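Engineer: First the structure, which I've put down as structure tokens, then a few questions once you've had a look.
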Amino acid sequence: MNGSFFTMDDFDLDGKRIYLRIDINSPVNPETGEILDDSRFRAYSKTINELKSSKVVIVSHQSRPGKNDFTSLMGHARYMSNIIKKEIKFIDSLFSHDAINAISNMSAGDIIMLENSRFYSEETLNADFETIKNTHIVRRLSPLFDYYVIDAFPAIHRAQTTLIGFKGSGPNIAGRLMEREITMLDKFKFFRGSPKIAILAGSKIEDSIKVSRAFLKDNIVDYILTGGVVANAFLYAGGFNIGRKNMEFIIKNNDNYESLINSATQLLQTFRGRILMPDDFLLSPSGRHVTISESINDDEIIADIGFNTVDKYSKIISRASAIFMNGPMGIYEIPEYSIGTREIFNIVAETPALKIAGGGHTLNALNSMHLTKKLDYTSTGGGALINYLSGDSIPVIDALIENKRLFGGKYNGR
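Sequence positions in the sequence shown follow the numbering used here and run 246 to 659.
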């Protein structure tokens, strides 16, 4: 897809006033404001450092209204300053007179971070572009910038004002993180070699079913290995008894669970033998090891895959040419139920295959096992990652592509 939109290589950005939209929405302690995971901050250091001779105005969001971590970006500005070892001036508004004056009076090398974009109702209008481009956000900010660097990959599936609202205002440029994410995900999607596998586990059933359908229908992967609650849903869809408590968890956390189970059933029927499920489990709180043919008591939950499943999956993983991994095999945070996740993740890390992982719990588990550096790429995206891999229309990428069509002939780059 690279070539369809502008990148930072297409322009001389030194001394220019740059609108930089990133996504540093991160886990925050609601009581202390402490950043609990700084991986996104570090992911953006390359883009920001490359713009060190520009006048950079950073726009981002944190959480959403009603959440207890819906906070100001003042602490985020301070945290990012420490990472890049350069002062970032925080402005507690998005388009006030103070913000506009500060932006207008910047010198080369200055960096400003504006307030949480979701503090403003215009950010989440869910409207057409004609409405979005006439918001106060776009009308007041657009005259101030030479270029718009859009680097918020984790938010590419959202048609929000600060993400797509400036596509008619001047060149919109994919930042380094955006460029790297798309390059690596496309590398997996179009990788020639067999077998290619996806390991889909964790608790997000809807996301896993969505990406499974795309992966199998388009022959992006040969096999899908399931674990966690995702596996439970497929097992139930396949006619297996997963126990009352495990089914209750699925129902409680998925209002559309009947539709999801029906979709899982259809996938199992359509792609026979290509969606693999666990043969055995460890149960909590009893610690019992059972095979799929044995009964699960009403008070027991499936907490991890068993040794037979680890062995079965390991043989497939060891032969894989490319692997996409999203989600842990069980309740990896509890040591006695972390064995399946540890074994599978370690085997993946040691294979010579192309290895890409995504999802918050996946990255946390990889970090805790010191395996992150053994993978070819770890994505910053959650819902964005799933939407991109599923082949959905992506508002931010569509806007970048449209912007190059609008401005490609007007700018000769460097």
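The beta-carbon is built from N, C-alpha and C at its ideal position, and this holds for glycine as well. Note that this is a predicted model, so its numbers are computed, not measured.
Nearest to F479 by alpha carbon, out of Q514, G311, K497 and R285?
Structural biologist: Locating residue 479 in the sequence shown gives position 234, counting from the first residue. The residue with the shortest Cα to Cα distance from F479 is Q514.
Engineer: What residues in its chain sit with their C-beta under 7 Å from that of E647, if we drop five residues either side in the sequence?
Structural biologist: Within the sequence shown, residue 647 is the residue found at index 402, counting from 1. K412.
Engineer: Indicate whether M423 and D452 have their beta-carbon atoms separated by less than 9 Å.
Structural biologist: By one-based count along the sequence shown, residue 423 stands at place 178. By one-based count along the sequence shown, residue 452 stands at place 207. Cβ atoms of M423 and D452: not closer than 9 Å.
Engineer: DSSP three-state call for S290: helix, strand or coil?
Structural biologist: Your numbering for residue 290 matches position 45 in the sequence shown. Here S290 sits in helix by DSSP.
Engineer: Excluding the 5 residues preceding and the 5 following K334 in the sequence, name in chain order all residues of the same chain whose CB lies nearer than 8 Å to its CB.
Structural biologist: Position 89 of the sequence shown, counted from the start, is the residue given in the question as residue 334. Around K334: A322, A347, D355, I356, I357 and M358.
Engineer: Assess, as a yes-or-no matter, whether the segment 257–273 is touched by the segment 429–449 under the definition of 3 or more beta carbon pairs within less than 8 Å.
Structural biologist: no
Engineer: Scan the segment 492–545 and note each continuous beta strand (DSSP E) run of 3 residues or more that stays entirely inside, going in chain order.
Structural biologist: List check, beta strand (DSSP E) in window: 525–529 and 534–536.
Engineer: Consult DSSP for D660 and reduce its assignment to one of helix, strand or coil.
Structural biologist: Residue 660 is absent from the structure shown; the chain starts at 246 and stops at 659.
Engineer: Within 10 angstroms of the Cβ of L528, are there 16 or more other Cβ atoms? Answer buried if so, exposed if not.
Structural biologist: Taking the first residue of the sequence shown as 1, we reach residue 528 at position 283. L528 comes out buried.
Engineer: When you compare only the Cα positions, how much space is there between G563 and T471?
Structural biologist: As a working mapping, residue 563 is identified with position 318 in the sequence shown. As a working mapping, residue 471 is identified with position 226 in the sequence shown. Gly is not the amino acid found at residue 563; the sequence shown has Ser there. Straight-line Cα distance between these residues: approximately 16 Å.
Engineer: Determine the burial state of A353: buried for a count of at least 16 other Cβ atoms within 10 Å of its Cβ, exposed for fewer.
Structural biologist: Residue 353 sits at position 108 when you count from the first residue of the sequence shown. Burial call: exposed.
Engineer: Less than 8 Å separating the Cβ of I592 from some heavy atom of the ligand ATP?
Structural biologist: Of the ligands one can find in the structure shown there are none, so the ligand ATP has no counterpart to examine.
Engineer: Have a look at I579 and D373 and give me their C-alpha separation to the nearest angstrom.
Structural biologist: Here residue 579 corresponds to residue number 334 of the sequence shown, with the count starting at 1. Here residue 373 corresponds to residue number 128 of the sequence shown, with the count starting at 1. In a straight line, the C-alpha of I579 is about 46 Å away from that of D373.
Engineer: Leaving out five residues before and five after A567 in sequence, what residues of the same chain have Cβ atoms less than 7 Å from its Cβ?
Structural biologist: Residue 567 sits at position 322 when you count from the first residue of the sequence shown. Here the set comprises F433, F436, G438, K441, A598 and L599.
Engineer: Give the straight-line distance between the Cα atoms of G248 and A644, rounded to the nearest whole angstrom.
Structural biologist: Numbered from 1 along the sequence shown, position 3 holds the residue referred to as residue 248. Numbered from 1 along the sequence shown, position 399 holds the residue referred to as residue 644. Whole-angstrom Cα-Cα distance: 14 Å.
Engineer: Taking the DSSP output, what are the residues bridged to T617?
Structural biologist: As a first step, residue 617 is located in the sequence shown; it is residue number 372 there, counting from the start. Its beta-bridge partners do not exist; DSSP assigns none.
Engineer: In this structure, does DSSP put N571 in helix, strand or coil?
Structural biologist: Numbered from 1 along the sequence shown, position 326 holds the residue referred to as residue 571. Residue state, collapsed to three classes: strand.
Engineer: Whose CA, out of N553, F569, I450 and V535, lies closest to the CA of K497?
Structural biologist: Taking the first residue of the sequence shown as position 1, residue 497 is located at position 252. K497 has its Cα closest to that of I450, out of N553, F569, I450 and V535.
Engineer: Note the first and the last residue of the continuous alpha helix (DSSP H) segment covering M319.
Structural biologist: Counting from one through the sequence shown, the residue named residue 319 turns up at place 74. Residue range M319 to I329 is occupied by the alpha helix (DSSP H) that includes M319.
Engineer: Specify the secondary structure class of T625 as computed by DSSP and reduced to three states.
Structural biologist: Stepping through the sequence shown from its first residue, residue 625 is reached at position 380. Looking at T625 - three-state DSSP - the assignment turns out to be coil, as it is neither helix nor strand.
Engineer: Assuming I561 and Y468 make a contact with CB atoms under 8 Å, what is their CB distance in whole Å?
Structural biologist: As a first step, residue 561 is located in the sequence shown; it is residue number 316 there, counting from the start. As a first step, residue 468 is located in the sequence shown; it is residue number 223 there, counting from the start. I561 to Y468, Cβ: 6 Å. Contact.
Engineer: Would you mind sorting H306 into buried or exposed? The rule is 16 or more other CB atoms within 10 Å of its CB.
Structural biologist: Taking the first residue of the sequence shown as position 1, residue 306 is located at position 61. It is buried - the Cβ of H306 has at least 16 other Cβ atoms within 10 Å.
Engineer: Within its chain, find whatever has a CB closer than 6 Å to the CB of A443; leave out the 5 residues flanking it on each side and keep chain order.
Structural biologist: As a working note, residue 443 is residue 198 in the sequence shown. Closer than 6 Å at Cβ, skipping near neighbours: F460, V466, I469 and F569.
Engineer: Taking the alpha carbon of Y264 as the point to measure from, which residue in D431, P310 and F390 has its own alpha carbon closest?
Structural biologist: As a first step, residue 264 is located in the sequence shown; it is residue number 19 there, counting from the start. Selected option, being the one with the closest Cα: F390.
Engineer: Could you check whether the segment 542–561 touches the segment 575–590, counting it as contact only if at least three pairs of C-beta atoms, one from each stretch, sit closer than 8 Å?
Structural biologist: yes
Engineer: Could you check where the alpha helix (DSSP H) with Y481 kicks off and where it finishes?
Structural biologist: Position 236 of the sequence shown, counted from the first residue, corresponds to residue 481. That run of the alpha helix (DSSP H) goes G473 to A482.
Engineer: Please classify D257 as buried or exposed, where buried requires at least 16 neighbouring CB atoms within 10 angstroms.
Structural biologist: Residue numbering aside, residue 257 sits at position 12 when the sequence shown is read from its first letter. Exposed is the call here.
Engineer: Can you tell which of E368, S317 and V535 has the C-alpha that lies nearest to the C-alpha of G488?
Structural biologist: Mapped onto the sequence shown, residue 488 falls at position 243. Residue V535 holds the alpha-carbon nearest to the alpha-carbon of G488 among E368, S317 and V535.
Engineer: Which of the three DSSP states is assigned to K557 in this structure?
Structural biologist: In the sequence shown, counting from the first residue as 1, residue 557 sits at position 312. Three-state DSSP puts K557 in a helix.
Engineer: If distances are taken between C-alpha atoms only, which option among G410, Y365 and G483 comes closest to G518?
Structural biologist: By one-based count along the sequence shown, residue 518 stands at place 273. For G518, the nearest C-alpha among the options comes from G483.
Engineer: Since I believe G415 is in contact with F652 (beta carbons under 8 Å), could you give me their beta-carbon distance rounded to a whole number of angstroms?
Structural biologist: Here residue 652 refers to the residue found at position 407 when the sequence shown is read from its first residue. Here residue 415 refers to the residue found at position 170 when the sequence shown is read from its first residue. The C-beta distance from F652 to G415 rounds to 7 Å, short enough to meet the 8 Å contact threshold.
Engineer: Can you give the beta carbon distance from H606 to G572, rounded, assuming they're within the 8 Å contact cut?
Structural biologist: For the purposes of this step, residue 606 is taken as residue 361 along the sequence shown, with counting starting at 1. For the purposes of this step, residue 572 is taken as residue 327 along the sequence shown, with counting starting at 1. Contact holds; Cβ gap of about 7 Å.
Engineer: With distances taken from CA atoms, which of H402, R533, I401 and N361 is nearest I382?
Structural biologist: Reading the sequence shown from its first residue, position 137 is the one you call residue 382. The residue with the shortest Cα to Cα distance from I382 is N361.
Engineer: With N486 and S540 assumed to form a contact (beta carbons below 8 Å), what rounded beta-carbon distance in angstroms separates them?
Structural biologist: Within the sequence shown, numbered from 1, the residue matching residue 486 stands at position 241. Within the sequence shown, numbered from 1, the residue matching residue 540 stands at position 295. Right, the Cβ-Cβ distance comes to about 7 Å (below 8 Å), so this counts as a contact.
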